[in-house]
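Numbering-wise (numbering that gives the first Met the number 0), the sequence shown opens with residue 0 and increments by one. Ideal placement from N, C-alpha and C gives every residue a C-beta, glycine not left out. Bear in mind the structure is a predicted one, so any value in this text is a computation, not a measurement.
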Amino acid sequence: MNHTMKSIFILSALATTTSFTPLKQAHKCTTDLAASEDELAAFATKCNPCINFYDPINLSKGDFWNQGSDYTISWLRQSEIKHSRVAMAAFVGYCVQSNFVFPWPQHLDGTGAPSADLNPEQQWDAIPEVAKWQIFGLIALLEVWDETGGGTLQHYTKGRKAGQFPSLQLFRENVHFCLDLYDPFGFSKNRSEEDKARGLAVETNNGRLAMLGIFGFLAADKVPGSVPGLVGIATPYDGNIMIPFEGNFELDAFHLM
Numbered sequence: 000m001n002h003t004m005k006s007i008f009i010l011s012a013l014a015t016t017t018s019f020t021p022l023k024q025a026h027k028c029t030t031d032l033a034a035s036e037d038e039l040a041a042f043a044t045k046c047n048p049c050i051n052f053y054d055p056i057n058l059s060k061g062d063f064w065n066q067g068s069d070y071t072i073s074w075l076r077q078s079e080i081k082h083s084r085v086a087m088a089a090f091v092g093y094c095v096q097s098n099f100v101f102p103w104p105q106h107l108d109g110t111g112a113p114s115a116d117l118n119p120e121q122q123w124d125a126i127p128e129v130a131k132w133q134i135f136g137l138i139a140l141l142e143v144w145d146e147t148g149g150g151t152l153q154h155y156t157k158g159r160k161a162g163q164f165p166s167l168q169l170f171r172e173n174v175h176f177c178l179d180l181y182d183p184f185g186f187s188k189n190r191s192e193e194d195k196a197r198g199l200a201v202e203t204n205n206g207r208l209a210m211l212g213i214f215g216f217l218a219a220d221k222v223p224g225s226v227p228g229l230v231g232i233a234t235p236y237d238g239n240i241m242i243p244f245e246g247n248f249e250l251d252a253f254h255l256m
């Protein structure tokens, strides 16, 4: 990894940390925002009319960083959608790489992906540390892009639609070609607002299910028998799922010393 890449990663990580730091001066969101408590309850009913609005610890009435209720609700909605998308990708990835890995070389030394005989947690442990840092570096860059609105959109706590990831157009025009994460081929351009709203509800439901699903896999691998439906399917894992760099975390991977 050259010095330029090191600098980019370090600055990106710092920027990500900064982006989550609350402002000292409160900027109260107005009641015009789409993320009012009433609309949150209506959206919950749309997602699941049997459960309706369920908020046992009153998160929706919170006041995160003294920014007001609308700010808090917008932050929570964005957070749920973001975690839902990550969980859906993780669930599909878990199922796929438990059975299949790409056969071509994936590292500079010519080695391929860890064997599909390993469970996904073991596969993660088996990849080089630098590869892990590259993955986290990409995540950091995407977080920065989202928090800054890609230079074109409002922040999601100030009126941007929940779950709307900014276009990568500025990056594409000034740095390197890449496709947008959302609708890269423009298939959804002509969708009606009603259809988009329905799609968001479907995505939210799928994401909630995926969060339960991926943690079910992780629990079954770590604690045999904890998920009855996965008995005989799950592969025991003796590592620590919550320590992604267990056994190999060191700054030497960046040759900074």
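In the three-state reduction of the DSSP assignment, Thr71 falls in the helix class, which pools H, G and I.
A straight-line Cα-Cα distance of about 9 Å links Ala218 and Ile240. Residue state for Gln66 is assigned as coil, using DSSP reduced to three classes.
Taking Ala40 as the centre and dropping the five residues before and after it, the same chain places the C-beta of Phe52 closer than 7 Å to its C-beta, in chain order.
By the neighbour-count definition (other C-beta atoms within 10 Å, threshold 16), Ala86 is a buried residue. For secondary structure counted as the alpha helix (DSSP H) over 4 or more consecutive residues, the stretch 157-217 holds these complete runs in sequence order: 168-173. Around Ser225, the same chain offers Ala218, Ala219 as residues with beta carbons nearer than 7 Å, after the five sequence neighbours per side are excluded. Counting along the chain, no alpha helix (DSSP H) covers Pro113, and no H or E run does either. Closest by C-alpha distance to His106, out of Glu120, Pro183, Lys131, is Lys131. The three-state secondary structure of Glu36, taken from DSSP, is helix.
Judged by DSSP in its simplified three-state form, Tyr53 adopts coil rather than helix or strand. Gln77 sits buried, since 16 or more C-beta atoms from the chains shown fall within 10 Å of its C-beta. At the C-beta level, Ser73 and Thr203 stay beyond 9 Å of one another.
Ranked by how close their Cα comes to the Cα of Gly162, the residues Thr151, Tyr181, Gln168, His175 have Tyr181 in first place. If you draw a straight line from the Cα of Arg190 to the Cα of Glu128, it comes to about 43 Å. Assigned with DSSP and collapsed to three states, Ile134 falls in helix. The beta carbon of Glu120 sits closer than 7 Å to the beta carbons of Asp220, Tyr236, Gly238, Ile240 from its chain, once the five residues preceding and following it are set aside; these are given in chain order. Per the C-alpha coordinates, the member of Asp108, Ala200, Pro104, Trp123 positioned closest to Tyr93 is Trp123.
When DSSP states are grouped into helix, strand and coil, Pro227 belongs to the helix group. Contact check for Gly111 against Val100 passes: the beta carbons are separated by less than 9 Å. Proximity to Leu169 across Asn98, Gly148, Glu193 peaks at Gly148, based on C-alpha coordinates. Separation of the CB atoms of Thr234 and Asn118 is rounded to 4 Å, and the pair is thereby assigned contact status at 8 Å.
Shown here, Thr44 sits in a helix according to DSSP, grouped into three states. Nearest Cα to Phe184 within the set Phe90, Leu137, Leu167, His175: Leu167.
Ranked by Cα distance from Gly158, the first of Pro48, Ile80, Asp69 is Asp69.
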